[in-house]
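What follows is a short report on a single structure.
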């Protein structure tokens, strides 16, 4: 969790320095991600959303792999089959039907696997999410839906999104549901372990709604101070998942001498590695955005390509 937050902070800074085109922070949601992915097996498949960086790190995905897509040098940064972790999906809820379809394949193969998919509260209002819930139950697919309800769908609060919380709505589809404190990593792990065990045993698909908070903006493209109050941010800062876990370790005497210092050293080393691998990447190929869009290039697209090339060539190094 500490390492994920440090990587997240460094990536945000790199984006502000022009090294990344975009970044979506996971600050505040580390417990929901780490607790859940640590509760399933490494052989289980995961279909993430777009800010599940802590979960990705738990699957062994490194800084260079995580940052490549956001720098624009590759369409994707890692091998999904190697990590059993699908590529990030920026289209809201698109990964949910994908997860259900893959789970149906797992079911037909007779494999002892659970498919888990992450999504947010905003995605739960999309048609794809509700279609996925219904189809998963109808087909008894071994899929676990994990919603990180971080309070905001970009600038829309949950109070303006729906009349009933997701775990109640999902129960109407026939899903086995749980509501959990998403900032308590141990509670998340326990809830996910229970749900995954039931899904694996053939009891049908399940859903977990983990209530957490998005401490940063939706992405580096928006300003959260325009739509939420400082008082709200201050309240959730008191529920910070890292601080809660640190207090628990101290209270129980579970942290060995020097543990925190060693972890901070590791985080500092990771930050340096994040900066190094990002700056070592080539600049994105601006012309690549025009490739593979049309079978035969039109005159208007050719003009756009030439105009953009002239525009970028006018920059002074």
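Numbering (the numbering used here), first residue to last: 15 to 331.
C-beta: ideal position from N, C-alpha, C; glycine also.
For clarity, every value in this text was computed on a predicted model and none was experimentally measured.
* Asked: What is the DSSP secondary structure of residue 321, counted as helix, strand or coil?
  -> Looking up residue 321 in the chain shown gives position 307. If DSSP states are grouped into helix, strand and coil, residue 321 belongs with the helices.
* To do: Out of 198, 210, 302 and 72, state which residue places its alpha-carbon closest to the alpha-carbon of residue 190.
  => Here the question's residue 190 lines up with position 176 in the chain shown. Among 198, 210, 302 and 72, the Cα nearest to that of residue 190 belongs to 210.
* DSSP state of residue 140, grouped into three classes? -> If you number the chain shown from 1, residue 140 lands on position 126. Note: residue 140 maps to coil in three-state DSSP.
* When the Cα atoms are used, what is the spatial distance from residue 174 to residue 165? -> Position 160 of the chain shown holds residue 174. Position 151 of the chain shown holds residue 165. One C-alpha to the other measures close to 10 angstroms.
* To do: Give me whichever residues DSSP pairs with residue 193 in a beta bridge.
  => Residue 193 sits at position 179 when you count from the first residue of the chain shown. In DSSP, residue 193 forms a bridge with 223.
* Assigned exposure category for residue 63 - 16 Cβ within 10 Å defines buried -> Numbered from its first residue, the chain shown carries residue 63 at position 49. Buried is the call here.
* Okay, do the stretch 237-244 and the stretch 78-96 touch, 3+ Cβ pairs below 8 angstroms being the bar? -> no
* Count the CB pairs spanning the stretch 102-119 and the stretch 51-67 that are closer than 8 angstroms, and state whether there are at least three. => yes
* Please state if the CB of residue 43 and the CB of residue 26 are separated by a distance shorter than 9 angstroms. => Counting from one through the chain shown, the residue named residue 26 turns up at place 12. Counting from one through the chain shown, the residue named residue 43 turns up at place 29. No, Cβ-Cβ distance for residue 26 and residue 43 is not below 9 angstroms.
* Using the rule of at least 16 other Cβ atoms within 10 Å of the residue's Cβ for burial, across every protein chain shown, is residue 317 buried or exposed? -> Counted from its first residue, the chain shown places residue 317 at position 303. Exposed.
* Starting from the C-beta of residue 292, find all residues in its chain whose C-beta is less than 6 angstroms away, skip the five residues before and the five after it, and write them out in chain order. => For the purposes of this step, residue 292 is taken as the residue at position 278 of the chain shown. The answer, listed in chain order, is 28, 33 and 81.
* Neighbourhood of residue 268 by C-beta, 8 angstroms cutoff - its chain only, sequence neighbours within 5 removed -> By one-based count along the chain shown, residue 268 stands at place 254. Answer for residue 268: 262, listed in chain order.
* **Extent of the continuous alpha helix (DSSP H) to which residue 132 belongs** => Start at 1 with the first residue of the chain shown, and residue 132 comes out as number 118. Taken as a continuous stretch (DSSP letters only), residue 132 belongs to no alpha helix (DSSP H), being part of the beta strand (DSSP E) at 129-134.
* To do: With DSSP as the reference, label residue 187 as helix, strand or coil.
  => Start at 1 with the first residue of the chain shown, and residue 187 comes out as number 173. Looking at residue 187 - three-state DSSP - the assignment turns out to be coil, as it is neither helix nor strand.
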